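Taking full-length UniProt numbering, I'd label the letters of the sequence shown as residues 1 to 282.
Here's the structure we're looking at; comments come further down.
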Amino acid sequence: MAQPNHQYTLPRNAVESQRLNLQHELISAATTYVLHPRIEKGLPKEVRIADLGTGTGIWMQAVAKNSPASWQLTGFDMSDGQFPPADKRGRCAYEVLDALGTVPPKWQESFDVVHIRYLIAALTGDEWKKVASTAHKLLRSGGFIQWHEANFQAIRTVQNVPGASLRAERMLVKLFVEAHNRHGKLLQSDVHGLSQLLQSSGFENLEEDIISADRVAEHRLSVSQVGHKAMHFSLRQIVQQDPRIGLTVEQVDELARKGESEIENGDVYTSWDMHIVTGQKQ
Numbered sequence: 001m002a003q004p005n006h007q008y009t010l011p012r013n014a015v016e017s018q019r020l021n022l023q024h025e026l027i028s029a030a031t032t033y034v035l036h037p038r039i040e041k042g043l044p045k046e047v048r049i050a051d052l053g054t055g056t057g058i059w060m061q062a063v064a065k066n067s068p069a070s071w072q073l074t075g076f077d078m079s080d081g082q083f084p085p086a087d088k089r090g091r092c093a094y095e096v097l098d099a100l101g102t103v104p105p106k107w108q109e110s111f112d113v114v115h116i117r118y119l120i121a122a123l124t125g126d127e128w129k130k131v132a133s134t135a136h137k138l139l140r141s142g143g144f145i146q147w148h149e150a151n152f153q154a155i156r157t158v159q160n161v162p163g164a165s166l167r168a169e170r171m172l173v174k175l176f177v178e179a180h181n182r183h184g185k186l187l188q189s190d191v192h193g194l195s196q197l198l199q200s201s202g203f204e205n206l207e208e209d210i211i212s213a214d215r216v217a218e219h220r221l222s223v224s225q226v227g228h229k230a231m232h233f234s235l236r237q238i239v240q241q242d243p244r245i246g247l248t249v250e251q252v253d254e255l256a257r258k259g260e261s262e263i264e265n266g267d268v269y270t271s272w273d274m275h276i277v278t279g280q281k282q
C-alpha cells in the first residue's frame, strides 16, 4: 500500500516487528501497566479504544487479553505493513490512517481512549500538534489520552563493568541522534513539552510519569539490545534516504556490529527516560 510522503525511519519487516513486540514487553515491565491505571479506573463497561501508530498492534492486543469482551479496540497506522494476518487479530481491528492526515467523519468523536507511543523518531515541528489534534478529533468529550514518549536525545551509555569498552555504542548513539536532529526529530523540548502541547490542544487533568526504561535491572541487557537494534535500523534507513549524512550503509553496519559486541555480555548498557502523559478531552 502506498505511504504518505513523510519519511518513517524504521523498516517494516518481520525482524522489526519482533523487535517492536519485545520492546512492548520491556516497556510494560518497566511501567507495570499497559493501559494506565489513572485511565482504566474511570472507564465504563463498554469502551472503544484507539491505538494511534499501532504498528504490529501489540499494545492493544495486550489490552484485549485483560479487558472485558465489551471493549472494542482499533489500531490505526499510516501503513498496513506490520499488521498481523487476519486470523491472528482476535477482536482487534486494524485500519490505515495517517495521524498527520484528515480524520474521516466516521471516526470522529468515536473513542473513549486514544493511546500513542514512541512517535518521537517520526515527528518534527508542527507534526506534534497535528497528532495531538488527530487524537482530540478521535475522542469523545471527556475521553482519555495516554501518550508515551522516550527522551532519546538523552540516551545514556554507561559501563556496568569498570573499564569496559563503550566507544562504538556511544558513537552509534551520537550519530543516531545527530541524524535525527538534522531533520528536527528526537528533540528533548518535544518530550519535555508534551503536557503543555496537550493542554494547548484541548486536553485537561494532565499528569505525567517519568520512568527509566531499565527500571527492572534484570532487563538491562534486553533493553540495551532492543534500543541498539532500533538505532542501527533507523540510522541505516536514514543514510539511504539522505546522502548528506555522510555515511555509508556499510559504515553503519560495521559500527553497529562493534557496538553490539560491547553490550552483548552486559558489560555496557544503554537506557533512556520514558515520559507518559495522561489527560482528558475537555
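The beta carbon of each residue, even a glycine, is placed where N, CA and C say it ideally should be.
Computed from a prediction, not measured in an experiment: that's the story for all the values here.
- Secondary structure of T134 (DSSP, three-state): helix.
- Per DSSP, the continuous beta strand (DSSP E) segment holding V158 begins and ends at 156–159.
- Distances from the CA of Q196 to each of W147, G81, G143, R117 were compared; the closest alpha carbon is that of W147.
- Taking C-beta separations shorter than 8 Å and ignoring five residues to either side along the sequence, the partners of I39 in its chain run V113, F144, Q146, T278, following chain order.
- Membership of K229 in the alpha helix (DSSP H) is indicated by the continuous run 220–241.
- Taking every protein chain shown into account, the CB of D51 has 16 or more other CB atoms within 10 angstroms, so this residue is buried.
- Contact annotation: the segment 241–250 does not touch the segment 129–139, with fewer than three C-beta pairs closer than 8 Å.
- Cβ-Cβ separation between V252 and V268: approximately 19 Å, too far for a contact (criterion under 8 Å).
- Counting the other CB atoms within 10 Å of its CB gives E262 a total of 16 or more, which places it among the buried residues.
- DSSP places L172 in no beta strand (DSSP E) but in the uninterrupted alpha helix (DSSP H) bounded by 167–181.
- In the structure shown, H275 adopts extended strand secondary structure according to DSSP, grouped into three states.
- A213 sits in coil when the DSSP states are folded into three classes, being neither helix nor strand.
- Segment contact: the segment 183–191 against the segment 115–135, three or more CB-CB distances shorter than 8 Å; contact assigned.
- Comparing alpha carbon positions, the residue from N265, L97, T56, L20 closest to L166 is N265.
- C-alpha of A121 to C-alpha of Q225: approximately 18 Å in a straight line.
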